[in-house]
Amino acid sequence: MSASRITPRHMAMLSIAAACITLSLKFLAYELTGSVSLYSDALESFVNLAAAIAGLIALSIAAKPADRDHPWGHEKAEYFSSGFEGALIIIAALSIVYESIHKLLDPMPIERIGWGIVISMLATAVNAATALLLLRYAKRHDSIALEADAHHLLSDVWTSLGVAIALGLLLWLPPTWYFLDPLIAMLVAVNILRIGAQLLRRSADGLMDSALPDAELAEIAAALQASLPASAQTSALRTRKSGNQRFVDFKLSVPGTLSVADSHSLCDQLEAAIHARLPRCQISIHVEPAEPAAD
Numbered sequence: 001m002s003a004s005r006i007t008p009r010h011m012a013m014l015s016i017a018a019a020c021i022t023l024s025l026k027f028l029a030y031e032l033t034g035s036v037s038l039y040s041d042a043l044e045s046f047v048n049l050a051a052a053i054a055g056l057i058a059l060s061i062a063a064k065p066a067d068r069d070h071p072w073g074h075e076k077a078e079y080f081s082s083g084f085e086g087a088l089i090i091i092a093a094l095s096i097v098y099e100s101i102h103k104l105l106d107p108m109p110i111e112r113i114g115w116g117i118v119i120s121m122l123a124t125a126v127n128a129a130t131a132l133l134l135l136r137y138a139k140r141h142d143s144i145a146l147e148a149d150a151h152h153l154l155s156d157v158w159t160s161l162g163v164a165i166a167l168g169l170l171l172w173l174p175p176t177w178y179f180l181d182p183l184i185a186m187l188v189a190v191n192i193l194r195i196g197a198q199l200l201r202r203s204a205d206g207l208m209d210s211a212l213p214d215a216e217l218a219e220i221a222a223a224l225q226a227s228l229p230a231s232a233q234t235s236a237l238r239t240r241k242s243g244n245q246r247f248v249d250f251k252l253s254v255p256g257t258l259s260v261a262d263s264h265s266l267c268d269q270l271e272a273a274i275h276a277r278l279p280r281c282q283i284s285i286h287v288e289p290a291e292p293a294a295d
């Protein structure tokens, strides 16, 4: 399949396949060792799988064209996926904390640590490769659902590396140091709580129609400044984003003597200037006559 024919749905299906593989490997590592830090790593992979499935559903909905009931399209479905993933991450973190406290109060020996590390690193390699592919595609196609999935997988990679290093140290320490295992798991929980909160915030920003980022607002301002004649001015700029689609609207004041045709031509120039800097923009311009200067 050529790169141009790869769709967000294909990438979401890749994410699901990778999540199934890593989930199986990490739970195998946990079963072999009994390590609660490997349990936390495996639980995060379960969240990855659930989030990937939710992402596939959201992307399928977002890909639908605008219709009578949804004239602005369905792109906001991606924000629900991101929010769902954030909520799952927080639930997983709380579960890890609960299990860690249980292990601290009732410590259990860790067995076959070496095998656990090897299997966990195999899963980590799968996660890393998948995350980089997803992130590259998400940046190119401006998909918040795939970008959220990619960043979560990258975080999972760093978490797994930290867990593996810590367990590697336990190979050289006496059993009295095994209390470090649940403490490591708690650190994992704190890290994924942070990620979950970020995803929830980003989802809320999209659903609440937050303005475009400052960098993109600066691009719009630069485009208008470069194309706007001295006799015209803009005001009441409003922006928002839905999935990978940007929405921009503003008022354009022109001399009252300017013809409708010339006003329309100016609007076309301004739209082209913005499109050249920011792709996937729907632009609405309200033209009004400028107030005459006071005598």
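Just so you know, the numbering used here puts 137 at position 137 of the sequence shown, and the rest follows in order with no gaps. The beta carbon of each residue, even a glycine, is placed where N, CA and C say it ideally should be. Because the structure is a prediction, the values reported are computed rather than measured.
Are residue i and residue j close, meaning C-beta to C-beta below 8 Å?
i: A62; j: H70; result: no
i: S40; j: I96; result: yes
i: P327; j: L104; result: Here the chain comprises residues numbered 1 to 295, so residue 327 is not present and cannot be evaluated.
i: L266; j: V254; result: yes
i: G55; j: G196; result: no
i: L14; j: L133; result: yes
i: A148; j: S82; result: yes
i: S120; j: K26; result: yes
i: A12; j: A50; result: no
i: A19; j: N48; result: yes
i: F226; j: A273; result: In the sequence as displayed, the identity of residue 226 is Ala instead of Phe. Result yes, Cβ atoms of A226 and A273 sit closer than 8 Å.
i: P65; j: Y178; result: no
Could you please give me the residues that DSSP links to residue i through a beta bridge?
i: H74; result: DSSP, once it has assigned bridges, lists no residue as partnering H74.
i: I283; result: V248
i: E288; result: S253
i: K241; result: R246
i: S235; result: K251
Which same chain residues, not among the five before or five after residue i, have their C-beta less than 8 Å away from its C-beta?
i: D295; result: Legend: pLDDT at D295 = 48, less than 50; position of this residue unreliable, no value from coordinates given.
i: H141; result: P8, N244
Within a Cβ cutoff of 7 Å, which residues of the same chain sit near residue i, ignoring the five residues on either side of it in sequence?
i: H275; result: C281
i: L193; result: I90, A93
i: G243; result: A62, E75, K76, E78, I144
i: I184; result: S37, V163, A166
i: I303; result: The question about residue 303 has no answer, for the chain in this structure spans 1 to 295.
Spatial neighbours of residue i within its chain, please: C-beta separation below 6 Å, excluding the five flanking residues on both sides.
i: T234; result: L224, F250, L252
i: L199; result: S82, E85, G86, A148
i: A150; result: A131, L134, L135, A138
i: A77; result: A58, I61, A62
i: A42; result: K26, F27, Y30
i: P289; result: G256
i: L154; result: A131
i: V126; result: A18, I21, T22
request  = For the stretch 160 to 176 and the stretch 33 to 45, state whether three or more C-beta atom pairs, one from each stretch, are separated by less than 8 Å.
outcome  = When Cβ pairs closer than 8 Å are counted between the two stretches, the stretch 160 to 176 is seen to touch the stretch 33 to 45, the count reaching three or more.
ask   = Counting Cβ pairs closer than 8 Å, one from the stretch 7 to 20 and one from the stretch 100 to 118, do we hit at least three?
value = Judged by Cβ distances under 8 Å, the stretch 7 to 20 makes no contact with the stretch 100 to 118, as fewer than three pairs qualify.
4 or more residues per run - each alpha helix (DSSP H) lying fully within the stretch 4 to 86 = Counting only runs of 4 or more, we get 8 to 33, 36 to 62.
Length-filtered (4 minimum) alpha helix (DSSP H) runs lying within the stretch 151 to 231 = Runs found: 180 to 207, 214 to 227.
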